[in-house]
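Numbering (full-length UniProt numbering), first residue to last: 1 to 1105.
We treat Cβ as the ideally placed atom computed from N, Cα and C, and that holds for glycine.
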Amino acid sequence: MENHFMQVDQQNDEFEKYCEFIRENIIGELCPIKTPFGLRNMVYSDWTASGRSLRFIEDSLKEDVAPYYGNTHSIASNNARQSTWFIYEARESVRQFIGGNPEDAIIFVGQGSTGAVSKFLKIMDASYWISIIKKFKTSYINQNLFKDISVNVIQDRWKSFKCVSCETQYDTEAAFRRHFNKNHREKDFQSKSDSTQNEDNMDHYRITFMVDPSSHHSLFLPFIEYSKRYSQGFKALHNDLKYKLSFSLVYLNLNKRGEVDIPNLKDELIKLKNNNILNIPILLISAGSNISGRLNDYTKISTISHQYGGITIVDFAATAPHTRPNMSPPLNPQGYVDVGVFSSHKLLGGPSTPGVLIIKRELLLSEKPSDPGGNSVFFVSMDDHEYILNKEEREESGTSDILGISRLGMVMKLDMKVPQYLKQSKERVLFERVIFEWSQFNQKNGPKIDILGFEELIIENQELKNGQYLTSLPIISFLIKPFNFENNQVKLDFVSENNSKIVTILDNEGNDFYLHYNFVCSLLNDLFGIQSRGGCSCAGPYSQRLLGFDKEKTRQLYQDLVVRGIESVRPGFTRISLHWSDNLETVDYIIKSVIWIAKHGWKFLPLYIFEESLGTWRHRSEWKSLDKIHRRWLGDSIGKFYFDKFDQLGSKSSLNNESKLLSNSEPIFERNFEMANEIVRNLEDIIVNSKSHSNQAYEKEFKLDSAFKEIIYQNNQHFNNSINSSDLSNINDFELLSESNLRWFITPKYIQNIIHLLRKNNNNNISIPDTLSTLNCMHANSESFEFGGNTKESTRQKQKQEIEDFEKQSCKKNNALENVRLFPKPNDFGVIRKQVGQAIKKFDMIREGDKVLVAVSGGKDSLTMLHILLFLQRVAPVKFEVSAATVDPQTSEMDASKLIPYMESLGVKYHFISYPIVDIAAKVKEKQKKISYCAFCSRMKRGLLYSCMKKNGYNVLSLGQHVDDICESFLLSLMNNGKLNTMKANYFVPEYNVRVVRPMIYCREKDLANFALKAQLPIITENCPACFSQPKERRHMKQLLSQEESHNPTIYSSIMNALYPLISINHTNTMVKEEEFISNDDALKTMSKLDEDISGELLLTSCSR
């Protein structure tokens, strides 16, 4: 006994070494993939969907098969002969793999199990199901009725031909044909008249498809469609046998373990037998579930089926990669499987292999193949044709997938050389490890990871110990429920503060809802590189059972999803699957990654956008450009070998540039968690709006490289914009979700509400949160402040000191306005200062010695621009002056005089220009009916500002238009005036010797609004009675762009890129007709001669077309 256990231990050690060897040969193992959070090493956990290619199999194909590739339709040449042998060998390997015998025909078909099931239906349809009827009613059918020669022959394992009638054997097909035609065919013709049937006495057979509800769609959907196609049945004539066929379909029941309920199956079969119609049951059984991994005893089911005259079709797609099928169990002759299918691409090394149909030869009674064509004929003339008698090859018409079949043969041989008990015992250990760790996590943190079928998995059975897991495939489907409520309160975990926060939420959405399964898949991929699968795993009925859908709820799902088109209600789950080649480190990494997402995944929702058309989630940085960022092109791989480029290849080493894989995966996994924790620390800092958090202790162990800092910064900005957006529902295509009662997942809008509640509880202002100061400063120094040239280290230190002085100055200033913060903190500007810095540098807006006059209307845009320029004046290497001017139109609806004490407190040189613009406009309007109040006011204000500049020696006028204004003015000009015109970034007006600049040309209006709210700027409300009470085209443009942005979030940046040539024009045409204004006032005439650029502003304020 001791020696025996030593031998087992040694074998286990050898098996682990072999598994390591296999992992080293998996093509793509730990290969780098691009994600929104940087490069990650790919970890494969989607084995149930497809296997992985093996390097040594592909090398073997390249070296030993491909050189001898030839079409199998002839064996006269070496290559054709060798290819034929390869297929023969592969077919026998499959027969051994599935535990078959010579009675099992092996047919290679395309598209996995789906193609195999469809092939079976086509074979049955071509023969009018005669083989099924013959098997069911053998005593009623005379063998002589089957005149077709292919029905009267059996091929053994040595490919010889045996006559069914007289059991004579022949080596060649020609010899058998000679025997059959001479001795049996004439008798068949003579008995033809005796076998005719009266149509009134025609037998009626009803074939009943009995479906396992846990099976894959590919197994039962073809039969559903077939039953619908022949809902009225049909009459068939096979040789001289006439009969009527009809079809029905029923679903079997599952027991509490998720297996086919055997007692219920027997009851259903008894009902069919006692029916007056001749019912033929065909059982469609899944060997194992691709959702829960639950196994069916298909041998026992087949035994019962055969007792009642039925046949059994078993889908081995989910089980074949883990345990070999057993088509003909030797200890249970009646438990054989009539028809089996499996997808060989799901096995290790199996990608690009064909599907496999295994069918008992007695069921192949068709007179012609289901797909007539090349490679299936024995003789063809204009008058006659005969098909070959080989029942496998005749169903594989056309040129076979020789390389794919050869690959399949190698996969079969490789799998059979690995002891089954070693594979299964290891997979069981890995499976139980996942279940145990997640169960322990749920016990400590509440039921956050909801394992589907968990109640079925933990069984109470006297035969098994308490708490022992039911035998199952290593397939685990789950949902993540991030919030566990107690009395409307939920505890939220925070990495950055190493504790939890309690928040009270009256809405129960988070109490009952989950993270969307595809969102969880996206996080697993983007943060950890783990490949999982989301959806219903192509097993709808079983999925709905596990998710708790009853018939009424399922009908409602059909209405909402199919009829009303609310894609977002589609239910599903996340699935991972394990493999015997996985090591414990990889499985532990997957376990911890899911637990991490269960704790922190909800915080990433604002970073993602839901794409309803695909039902998936994309990171905001990838929206509408996923294929451009991550897509790999076949043309890029093969392009260097094109005729016009092959001479550039150089040495042979360029042909083999396969990246080296890291041998030790543990450091990779640890670093992924470190990066994920650092990212979530930043998001948490934003969520709680905390400015005191420090990561110094953590950064001693984990250094942030510049690329990762950039990733964190970009994600912080996306997060900022998202949680402060007022239209998250539209952006995420959830406008229809509220119309359904089947809402089941948490939306970004809900997380936005939680964040606001957290801030409220922390007595923080609900506004744009700060990002980490160090990251903001990094971007400001590297981009925003370099518009005057490259900044040296000494200059950077000087800038840092000036920033500190700027903050101190805000406290020392005479605070004439007690409730107003005079100077925002540098970090309050957020992304705005970076965008302004980029614009100034790109368009050369501010130069050494410039005297800048800021046009301040009192609105959020102009006040923000004033503060950002005052800040840049102190920290930028370029020296320039900043002053401000306001044009007061002398209307009671706008009291701009409130700005005077504010400007005094700021210490800014301020020009308050008061002019009766509204009264003058009213007079002009009486003479020029078509003129717009707003257009006139804009021209007047610009003229007054130019006069102020000339008088006081200013050379730069700074205006506060932003991205939204630029895009709106362009569309207004295009649609209303038919011109490609918009406002310029920086241009010279020669008549006044001034430049006009717009430093906020890259800023979004919503960012400016949020900053104004956060900085508590004293915004002057403007309610012009002439214009602002009327609906304007500008509002229409805003609505138009807003609606389009909900479907295309990058529309503004796209328009700005297109407008770059217009925006960059640095001069303007001053040919403005003086007669546009009717006035004798010389000042008005001067003001009317303005630059053409102002037309963009006129369009923005135009009341009518």
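Checklist entry - Quick one, are the C-beta atoms of Ser-397 and Pro-419 less than 8 angstroms apart? => result The count along the sequence shown starts at 1 and reaches residue 397 at position 397. The count along the sequence shown starts at 1 and reaches residue 419 at position 419. No, the pair does not count as a contact, with Cβ atoms beyond the cut-off.
Checklist entry - Terminal residues of the continuous beta strand (DSSP E) containing Ile-313? => result The count along the sequence shown starts at 1 and reaches residue 313 at position 313. Note, Ile-313: beta strand (DSSP E), 311-315.
Item to check | Test item: CB-CB of residue 1116 and Arg-998 under 8 angstroms | outcome: No statement about residue 1116 is possible, as the shown extent of the chain runs from 1 to 1105 and does not include it.
Item to check | Rounded separation between Ile-597 and Lys-984 - CA only | outcome: By 1-based counting over the sequence shown, the position of residue 597 is 597. By 1-based counting over the sequence shown, the position of residue 984 is 984. When rounded, the distance between both Cα atoms is 47 angstroms.
Next on the checklist: For the alpha helix (DSSP H) containing Asp-203, name the first residue and the last one.
Outcome noted: In the sequence shown, counting from the first residue as 1, residue 203 sits at position 203. From DSSP, Asp-203 is part of no alpha helix (DSSP H) but of the beta strand (DSSP E) over 203-211.
Item to check | Per DSSP, the bridge partner or partners of Thr-504 | outcome: Along the sequence shown, one-based indexing puts residue 504 at 504. Thr-504 is bridged to Gln-489.
Item to check | Runs of alpha helix (DSSP H) lying entirely within the stretch 229-283, each at least 4 residues, in chain order | outcome: 262-273
Item to check | Collapsed DSSP secondary structure at Pro-32 in the structure displayed | outcome: As a working mapping, residue 32 is identified with position 32 in the sequence shown. If DSSP states are grouped into helix, strand and coil, Pro-32 belongs with the strands.
Checklist entry - Using CA coordinates, which residue listed in Ser-246, Leu-265 and Leu-245 is at the minimum distance from Leu-254? => result On the sequence shown, position 254 is the one that residue 254 refers to. Among Ser-246, Leu-265 and Leu-245, the Cα nearest to that of Leu-254 is on Leu-265.
Next on the checklist: Are the CB atoms of Gly-335 and Phe-136 within a distance shorter than 8 angstroms?
Outcome noted: Within the sequence shown, the letter at position 136 stands for residue 136. Within the sequence shown, the letter at position 335 stands for residue 335. In this structure, Gly-335 does not lie closer than 8 angstroms to Phe-136 by Cβ.
Checklist entry - Across which residues does DSSP place Asn-41 in a beta bridge pair? => result Here residue 41 corresponds to residue number 41 of the sequence shown, with the count starting at 1. The partner list for Asn-41 (beta bridge, DSSP) reads Pro-32.
Checklist entry - How far does the alpha helix (DSSP H) with Ala-885 in it reach, from first residue to last? => result To locate residue 885, count along the sequence shown from 1; it is residue 885. Premise fails: Ala-885 lies in the beta strand (DSSP E), 881-888, not in any alpha helix (DSSP H).
Checklist entry - Would Leu-772 be called buried (16 or more neighbouring beta carbons within 10 Å of its own) or exposed? => result Residue mapping note: residue 772 aligns to position 772 of the sequence shown, counting from 1. Its pLDDT being 26, under 50, Leu-772 is placed unreliably in this model, and the coordinates cannot settle the point.
Checklist entry - So which of Val-503, Ile-609 and Ser-740 has the shortest CA-CA distance to Val-563? => result As a working note, residue 563 is residue 563 in the sequence shown. Of Val-503, Ile-609 and Ser-740, the residue nearest in Cα terms is Ser-740.
Next on the checklist: Helix, strand or coil for Phe-549? Go by DSSP, reduced to three states.
Outcome noted: Stepping through the sequence shown from its first residue, residue 549 is reached at position 549. Of the three classes helix, strand and coil, the one that applies to Phe-549 here is coil, per DSSP.
Checklist entry - Just curious, the alpha helix (DSSP H) that residue 1109 is in, first and last residue? => result This structure does not reach residue 1109, given that the chain is present from 1 up to 1105, and the question cannot be answered.
Item to check | Closest by C-alpha distance to Lys-391, when choosing among Asn-78, Phe-161 and Glu-567 | outcome: Reading the sequence shown from its first residue, position 391 is the one you call residue 391. Nearest of Asn-78, Phe-161 and Glu-567 to Lys-391, Cα basis: Phe-161.
Item to check | Range of the contiguous alpha helix (DSSP H) that encloses His-867 | outcome: Residue 867 sits at position 867 when you count from the first residue of the sequence shown. 860-875 is the span of the alpha helix (DSSP H), which, as asked, contains His-867.
Checklist entry - DSSP on Ala-105, reduced to helix/strand/coil? => result In the sequence shown, counting from the first residue as 1, residue 105 sits at position 105. The answer is strand: DSSP assigns Ala-105 an E or B state.
Checklist entry - Can the beta-carbon of Lys-346 be found closer than 8 angstroms to that of Gly-51? => result For the purposes of this step, residue 346 is identified with residue 346 of the sequence shown, where counting begins at 1. For the purposes of this step, residue 51 is identified with residue 51 of the sequence shown, where counting begins at 1. Yes. Within cutoff.
Item to check | Per-residue DSSP class, three states only, for Asp-46 | outcome: Counting from 1 along the sequence shown, the entry for residue 46 is found at position 46. In this structure, Asp-46 counts as strand in the three-state DSSP scheme.
Item to check | Residues of its chain near Gly-258, where Cβ-Cβ distance is below 7 angstroms and the 5 sequence neighbours each way are ignored | outcome: Counting from one through the sequence shown, the residue named residue 258 turns up at place 258. Hits under 7 angstroms: Ser-214, Ser-289, Ser-292, Arg-294, Gly-453 and Glu-456.
Checklist entry - To the nearest angstrom, how far is it from the Cα of Ala-1015 to the Cα of Arg-1004? => result The residue labelled residue 1015 in the question sits at position 1015 within the sequence shown. The residue labelled residue 1004 in the question sits at position 1004 within the sequence shown. For Ala-1015 and Arg-1004, the distance between alpha carbons rounds to 17 angstroms.
Checklist entry - Taking Ile-301 as the reference, which of Pro-263, Phe-1011, Asn-279 and His-322 has the closest Cα? => result The sequence position of residue 301 within the sequence shown is 301, counting from 1. Closest option to Ile-301, Cα to Cα, is Pro-263.
Next on the checklist: So, does the stretch 61-70 touch the stretch 549-556, judging by three or more C-beta pairs under 8 angstroms?
Outcome noted: no
Next on the checklist: Tell me the rounded alpha-carbon separation between residue 1158 and Arg-555.
Outcome noted: This structure gives no information on residue 1158, because the portion of the chain shown stretches from 1 to 1105.
Next on the checklist: Considering Cα atoms alone, identify which of Asp-964, Met-1037, Leu-1040 and Asn-993 is closest to Leu-1059.
Outcome noted: The count along the sequence shown starts at 1 and reaches residue 1059 at position 1059. With distances taken between Cα atoms, Leu-1059 lies closest to Asp-964.
Checklist entry - Start and end of the beta strand (DSSP E) containing Ile-359? => result Residue 359 sits at position 359 when you count from the first residue of the sequence shown. Element bounds for Ile-359: 355-360.
Item to check | Cβ-Cβ distance between Asn-1066 and Tyr-946 below 8 angstroms | outcome: Taking the first residue of the sequence shown as position 1, residue 1066 is located at position 1066. Taking the first residue of the sequence shown as position 1, residue 946 is located at position 946. Cβ distance not < 8 angstroms, so Asn-1066 and Tyr-946 don't count as in contact.
Item to check | Cβ shell of Glu-395 (< 6 angstroms), same chain only, five flanking positions each side left out | outcome: Your numbering for residue 395 matches position 395 in the sequence shown. Ile-107 and Pro-369, listed in sequence order.
Checklist entry - To the nearest whole angstrom, what separates the beta carbons of Gly-953 and Met-1000, a pair I think is in contact under 8 angstroms? => result In the sequence shown, counting from the first residue as 1, residue 953 sits at position 953. In the sequence shown, counting from the first residue as 1, residue 1000 sits at position 1000. Contact doesn't hold; Cβ gap of about 25 angstroms is too wide.
Checklist entry - Which term fits Asn-12, buried or exposed, when burial requires 16 or more other beta carbons within 10 angstroms of its beta carbon? => result Reading the sequence shown from its first residue, position 12 is the one you call residue 12. Its Cβ having fewer than 16 others within 10 Å, Asn-12 is exposed.
Item to check | Helix, strand or coil at Arg-759 according to DSSP, with G and I counted as helix | outcome: The count along the sequence shown starts at 1 and reaches residue 759 at position 759. Helix at Arg-759.
Checklist entry - Who are the near neighbours of Leu-1041 in its chain, counting only those whose CB is closer than 8 angstroms to its CB and skipping five residues on each side? => result In the sequence shown, counting from the first residue as 1, residue 1041 sits at position 1041. Excluding sequence neighbours, Leu-1041 sits near Asp-964, Cys-967, Glu-968, Leu-971, Ile-1051 and Tyr-1052.
Checklist entry - Who are the near neighbours of Met-210 in its chain, counting only those whose CB is closer than 6 angstroms to its CB and skipping five residues on each side? => result Within the sequence shown, residue 210 is the residue found at index 210, counting from 1. So the list reads Val-250, Leu-252, Pro-281 and Leu-283, once near-sequence residues are dropped.
Checklist entry - Within the chosen definition, does the stretch 31-38 reach the stretch 372-386 through at least 3 CB pairs nearer than 8 angstroms? => result no
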